[in-house]
Amino acid sequence: MEILKVENYDQMSEKAADIVMEHLQGLDKPVLGLATGSTPEGLYRQLIKRNRAKEISFQNVITFNLDEYIGVKPEDKQSYHYYMNQHLFQHIDMDKRNVHIPNGTTRNEEEECKLYERQLMHVGPIDIQILGIGVNGHIGFNEPGTSFQSKTHVVELAESTRLANSRYFNSLDEVPTKAITMGIDTIMNSKTILLLVSGEKKAAAVKKLIDGEITEAFPASILQQHPKVYVIADEAALREVPNRNVVHV
Ligand code: F6R
């Protein structure tokens, strides 16, 4: 795990865009794994800017998102389909046929999970997967207790996750209780993982991510066993991590 320390959110986003570009360039059909939430918004702004400046093209890029709520329509503002269109896809030269996001309105959730794995298997592995982290250590929607062997599956969202995400809804009651998420094993099969984290709210989680016990009780801890993980974190998020463990960029 390589821990790259930056000053703030904007630097995190710029550095992340550099690393994503490096990993996509030179590949015929690169596979990019995407996350939603507040953390990658700045990275997406950077990628849009660089796409407009013709520094990077997404014409041949295939994307797979980590997760989607169950029961939320793609056109609903709270869906991750909507988020991705707003924050990235509609602004870049992406071929929409190359976009993959789990279908949260499917009638057959189990079949949807299997289909997602088959689609990924067909074009994968993911060349570079973007991740955020929840305060309880979730990655994707893999909540504490999820098996490290899990593939794409249906999850019950933890109350802390529903509460954190209620900022996007009118009330906590409206936050879905279930989602489809790539599993931990699915994520671990990515060639490179890029985890972004910003702000002191995440400081305790970052400490556990970096040198805590590897346990299903803290899903992100498994990343310590992945051969190629970059963590880009700002000073606030790294408050509890000794400087000797980090590279300043
Ligand atoms: C979203 C996702 C989640 C978020 C995490 C952090 O697709 O996979 O694991 O990365 O909940 O969310 P933010 O960035 O909003 O703090």
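Going by the working numbering, the residue at position 142 of the sequence shown is 940; the numbering climbs one at a time, nothing skipped. C-beta atoms are modelled at their ideal positions from N, C-alpha and C, and glycine is treated no differently.
Q) Does DSSP put GLY831 in a helix, in a strand, or in coil? A) Within the sequence shown, numbered from 1, the residue matching residue 831 stands at position 33. Judged by DSSP in its simplified three-state form, GLY831 adopts strand.
Q) Which whole-angstrom value is the C-beta distance of LEU992 and VAL818, which I expect to be below 8 angstroms? A) Against the sequence shown, residue 992 aligns to sequence position 194. Against the sequence shown, residue 818 aligns to sequence position 20. Rounded to whole angstroms, the Cβ separation of LEU992 and VAL818 is 7 angstroms, and the two are in contact under 8 angstroms.
(Q) Assuming GLU907 is part of the alpha helix (DSSP H), what are its boundary residues? (A) Here the question's residue 907 lines up with position 109 in the sequence shown. Counted as a single uninterrupted DSSP element, the alpha helix (DSSP H) harbouring GLU907 occupies residues 907 to 921.
(Q) Looking at GLY932: is its Cβ nearer than 9 angstroms to the Cβ of PHE862? (A) Residue 932 sits at position 134 when you count from the first residue of the sequence shown. Residue 862 sits at position 64 when you count from the first residue of the sequence shown. Against a cut-off of 9 angstroms, the Cβ pair of PHE862 and GLY932 comes out as no contact.
Q: Compute the Euclidean distance between the alpha carbons of LYS827 and TYR881, then round it to the nearest angstrom.
A: Numbered from its first residue, the sequence shown carries residue 827 at position 29. Numbered from its first residue, the sequence shown carries residue 881 at position 83. Distance between the alpha carbons of LYS827 and TYR881: 24 angstroms.
Q. Beta strand (DSSP E) containing ALA1060: first to last residue?
A. With the chain represented from 799 up to 1047, any question about residue 1060 goes unanswered, as that position is not in the structure.
**Q.** Inter-residue CB distance, HIS821 and ASP925 (contact presumed, cutoff 8 angstroms)
**A.** Your numbering for residue 821 matches position 23 in the sequence shown. Your numbering for residue 925 matches position 127 in the sequence shown. Right, their Cβ atoms sit about 6 angstroms apart.
**Q.** Terminal residues of the alpha helix (DSSP H) in which ALA1018 lies
**A.** The residue given as residue 1018 occupies position 220 in the sequence shown. First-last for ALA1018: undefined, no H or E at that position.
Q. Does the beta-carbon of ASP865 have 16 or more other beta-carbons within 10 angstroms, so that it is buried, or is it exposed?
A. Against the sequence shown, residue 865 aligns to sequence position 67. Buried: at least 16 other Cβ atoms inside 10 Å.
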